[in-house]
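S.K.:
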Amino acid sequence: MPKITIIGAGAVGATAAQRIAEKELGDVVLTDIVEGLPQGKALDLMEAGSLFGYDSKITGTNDYKDIEGSDVVVVTAGIARKPGMTREDLLKINTKIIKEVSQNIAKYAPDSVVITVTNPLDIMTYVTMKTTGFDPARVFGMSGVLDSGRFAAFIAMELGCSARDISAMVLGGHGDTMVPLPRFTTVSGVPITELLPEVAIKRLVDRTVNGGAEIVNLLKTGSAFYAPSAAVTNMVEAVVKDTKRVLPACAYLNGEYGKKDIYLGVPVKLGRKGVEEIIELKLTSDEKKALDKSAEAVKSGIAELSA
Ligand code: APR
1 MPKITIIGAG AVGATAAQRI AEKELGDVVL TDIVEGLPQG KALDLMEAGS LFGYDSKITG
61 TNDYKDIEGS DVVVVTAGIA RKPGMTREDL LKINTKIIKE VSQNIAKYAP DSVVITVTNP
121 LDIMTYVTMK TTGFDPARVF GMSGVLDSGR FAAFIAMELG CSARDISAMV LGGHGDTMVP
181 LPRFTTVSGV PITELLPEVA IKRLVDRTVN GGAEIVNLLK TGSAFYAPSA AVTNMVEAVV
241 KDTKRVLPAC AYLNGEYGKK DIYLGVPVKL GRKGVEEIIE LKLTSDEKKA LDKSAEAVKS
301 GIAELSA
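Its first residue numbered 1, the sequence shown is counted upward by one per residue in this note's numbering.
1. Taking Cβ positions, are A77 and I105 nearer each other than 8 angstroms?
2. Nearest to L253 by CA position, among K299, C161, S229 and E237, is which residue?
3. Going straight from the alpha carbon of R87 to that of G301, what length do you get?
4. Anyone know if the C-beta pair for D176 and V209 falls short of 8 angstroms?
5. Rounded C-beta distance between G60 and A9? I'm assuming under 8 angstroms.
6. With hydrogens ignored, establish whether the beta-carbon of A303 is closer than 7 angstroms to any heavy atom of the ligand APR.
7. Assuming contact is defined by CB atoms lying nearer than 8 angstroms, are L171 and G271 in contact in what I supplied?
8. Sorry if obvious, but does the Cβ on S223 come closer than 7 angstroms to a heavy atom of the ligand APR?
9. If you draw a straight line from the C-alpha of K259 to the C-alpha of L281, how long is it?
10. What's the C-alpha gap between K92 and D55?
11. Just to confirm, does I115 get its C-beta within under 7 angstroms of one of the non-hydrogen atoms of the ligand APR?
12. Quick check: does the Cβ of A137 come within less than 7 angstroms of any heavy atom belonging to the ligand APR?
13. Counting pairs of beta carbons, one from the segment 153-160 and one from the segment 107-126, are three or more of them closer than 8 angstroms?
14. What three-state label does DSSP hand L219 in the structure shown?
15. Quick check: does the Cβ of D66 come within less than 7 angstroms of any heavy atom belonging to the ligand APR?
16. Can the beta-carbon of V140 be found closer than 8 angstroms to that of P180?
17. Look at the alpha carbon of I215 and the alpha carbon of S143, and state the distance between them as a whole number of angstroms.
18. CB of D89 to nearest heavy atom of the ligand APR: below 7 angstroms?
19. To which residues does DSSP link D254 through a beta bridge?
20. For V101, which residues in the same chain have their Cβ closer than 7 angstroms to its Cβ, ignoring the five residues on either side in sequence?
21. Kindly indicate which three-state DSSP category S167 falls into: helix, strand or coil?
22. Looking at C-beta atoms only, is the number of pairs between the segment 215-225 and the segment 240-256 that lie closer than 8 angstroms three or more?
23. Can I4 and I20 be called in contact, C-beta distance under 8 angstroms?
24. Excluding the 5 residues preceding and the 5 following K293 in the sequence, name in chain order all residues of the same chain whose CB lies nearer than 7 angstroms to its CB.
25. Given this structure, state the Cα-to-Cα distance separating G274 from A231, to the nearest angstrom.
26. Can you give the Cα-Cα distance for R81 and P110, rounded to whole angstroms?
27. Which of the three DSSP states, helix, strand or coil, is assigned to L195?
28. Short of 6 angstroms in beta carbon distance, which residues of its chain neighbour A42, apart from the five on each side in sequence? Order them along the chain.
29. Only counting the same chain, and skipping five residues up and downstream in sequence, which positions put a Cβ closer than 7 angstroms to that of S319?
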């Protein structure tokens, strides 16, 4: 069985562990800075295995030594933005956490493929790649799969059709500047631009862009974790099964889309080696402008790191 480590046994991490175990994608090591938390959740998940019928082993630990030999490492460690905290405060705190986590990944799981989930996603993925020193193909982030999943769900609700037949595409940074692409979003091959009026598409695009905030406003004391954990599980599956699925991911660009030394959401081919190919879509000038704006936002976040 592949060894899949999840760093951060909070809402997203623990639910991802559950989904990965239920799909028997591998054995799961759950780690966290809080003593007892990963152990308790891992034991609970092991007990659920006897009832739900899965053979994945789930262990909890506070010791990085236990991540040795991991094939995949999912990073959800970090804190969420609290009231009164600026975006810069969050950036500083999570950068510190991600640096520490990345040093341990480099030390104990030097051959792993790393999938980042912690926000601000595009910047944290950049920090992870730089700190681990890994080939950028082996470090990427979970953003577009979640955002396109949300877009697909909203389209399905609007059309009253199965979300399974929808293939949605969202590019750009994981935030206010993300770029949902209606032209590349289809229902069984038919672009939604042929199925929905422009105003409806605009409404669904806006809802997608604000998808995370909509959940936070409803929950009040937390953020989304069912869809984020589902998204990361899809990506883990593509890696451990080497499926070569084409999914939008936060990937390192070195010239693609005219961008360099930046992590940004683009369609990629995912397999055992990580990002095995970056797919360059032919964008219209408006789509390109929106992607440029998104890249600028990510670049200014990266610039803040050294400020
Ligand atoms: N090392 C390991 N784990 C840590 C560290 C650290 N240095 N710092 C914090 N953690 C752990 C926390 O103890 C907590 O259990 O990370 C976990 C984060 O879990 P939650 O607070 O429940 O957050 P969650 O909803 O899972 O989101 C995690 O994913 O979607 C993003 O924005 C979200 O950045 C956030 C991340």
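Ideal Cβ placement from N, Cα and C applies to all residues, glycine included.
M.R.: In short, the structure shows the following:
1. No, these two residues do not count as a Cβ contact at 8 angstroms.
2. The candidate whose alpha carbon is nearest that of L253 is K299.
3. Computed Cα separation, rounded: 10 angstroms.
4. One thing to note: D176 has its Cβ within 8 angstroms of the Cβ of V209.
5. Sure, about 7 angstroms apart at Cβ, within 8 angstroms.
6. Because no heavy atom of the ligand APR lies under 7 angstroms away, the Cβ of A303 does not count as near it: no.
7. In this structure, L171 lies away from G271, with their beta-carbon atoms at least 8 angstroms apart.
8. Answer for S223: yes, Cβ within range of the ligand APR.
9. The alpha-carbon atoms of K259 and L281 are separated by roughly 14 angstroms.
10. Whole-angstrom Cα-Cα distance: 40 angstroms.
11. Outside the cutoff, so no.
12. Answer for A137: no, Cβ out of range of the ligand APR.
13. Below 8 angstroms, too few C-beta pairs join the segment 153-160 and the segment 107-126 to call them touching: fewer than three.
14. The answer is helix: DSSP assigns L219 an H, G or I state.
15. Not so, every heavy atom of the ligand APR lies at least 7 angstroms from the Cβ.
16. Per the sequence presented here, residue 140 reads as Phe, with Val not at that position. No, Cβ-Cβ distance for F140 and P180 is not below 8 angstroms.
17. I215 and S143: Cα-Cα distance of roughly 16 angstroms.
18. Not so, every heavy atom of the ligand APR lies at least 7 angstroms from the Cβ.
19. One point to set straight first is that residue 254 is Asn, not Asp, in the sequence displayed. DSSP lists K260 as partners of N254.
20. Answer for V101: I7, V75 and A77, listed in chain order.
21. Of the three classes helix, strand and coil, the one that applies to S167 here is strand, per DSSP.
22. For the pair of segments examined, the segment 215-225 was found not to touch the segment 240-256: the number of CB pairs separated by less than 8 angstroms stays below three.
23. A contact, by the Cβ cut-off of 8 angstroms.
24. Residues T177 of the same chain have their beta carbon placed closer than 7 angstroms to that of K293, with the five preceding and five following residues left out of the count.
25. Each residue's Cα considered, the two are about 15 angstroms apart.
26. Spanning the two alpha carbons is a distance of roughly 30 angstroms.
27. L195 falls in the coil class under three-state DSSP.
28. For A42, where only same-chain residues beyond five positions count, the Cβ hits under 6 angstroms are L30, I58, T59 and G60.
29. Any answer about residue 319 is impossible in this case: the structure gives the chain only from 1 up to 307.
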